[in-house]
Amino acid sequence: MALYWMPSRFDPPVIPAQLSPITFDFGSAAALIDQFKPDTAYVVVGGNYTDDTNRAPGDLKVSWKWNTSMRFGESEAFRREYNQVLSQVNFYMKQHETRYGYVCSDTEFVKRLDGNGRLAIATPIPWTSGGVGQPSVLLALWYLGVLVAEDNNWALAV
Numbered sequence: 013m014a015l016y017w018m019p020s021r022f023d024p025p026v027i028p029a030q031l032s033p034i035t036f037d038f039g040s041a042a043a044l045i046d047q048f049k050p051d052t053a054y055v056v057v058g059g060n061y062t063d064d065t066n067r068a069p070g071d072l073k074v075s076w077k078w079n080t081s082m083r084f085g086e087s088e089a090f091r092r093e094y095n096q097v098l099s100q101v102n103f104y105m106k107q108h109e110t111r112y113g114y115v116c117s118d119t120e121f122v123k124r125l126d127g128n129g130r131l132a133i134a135t136p137i138p139w140t141s142g143g144v145g146q147p148s149v150l151l152a153l154w155y156l157g158v159l160v161a162e163d164n165n166w167a168l169a170v
């Protein structure tokens with residue numbers, strides 16, 4: 013027995029995505045705007061380093077300087093540092109007019125995403141995560157690359 017799908021007038025049209033080949037690189041692989049440089053960059057393959065847009069700027073931190081538990085930490089200094097790192101990524105995203113950004117530490121990966129330009133923090137993915145039903149950090153980085161490869165959806169209209 014075979015299962016066949018028949019399109020109906022209620023099915024939305026399938027529009028093929030316009031994708032660009034993307035590479036993950038150091039922050040200096042993308043344009044430096046006012047000499048500010050994120051730690052990492054997702055850029056279009058074969059572009060020009062001097063003016064390529066960083067489609068998903070990333071910041072790398074060590075866990076003793078930044079982690080998601082600092083968000084509700086007892087110390088005001090911890091909460092301030094937590095917010096400062098997110099502010100830094102948000103600044104890079106605004107510079108490059110991109111919808112995606114992230115923070116990665118030696119213990120977790122946190123994606124920043126919000127279609128309206130507001131700060132929205134995804135649930136952190138621990139480096140120990142992975143397996144059936146659990147995303148890994150490497151899978152998250154790959155998926156972020158897939159998202160920013162979509163030419164009509166990576167930029168945030170400001």
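Just add 12 to wherever you are in the sequence shown, counting from 1, and you've got our numbering. Glycine included, C-beta positions come from ideal geometry on N, C-alpha and C.
Beta-bridge analysis with DSSP links Pro138 to Glu120. For Ala167, the secondary structure class from DSSP, reduced to helix, strand or coil, is strand. Under the three-state reduction of DSSP, Val115 is assigned to strand.
In the three-state reduction of the DSSP assignment, Lys77 falls in the coil class. Inside the region 83 to 113, DSSP marks no whole beta strand (DSSP E) run of 3 or more residues. For Ala53, the enclosing beta strand (DSSP E) starts and ends at Thr52 to Val56. Considering only Ser141, Pro147, Gly142 and Val122, the residue with the shortest C-alpha distance to Thr135 is Val122. DSSP places Leu131 in the coil class of the three-state scheme, outside both helix and strand. Judged by DSSP secondary structure, Ile45 falls outside any beta strand (DSSP E); it is assigned neither H nor E.
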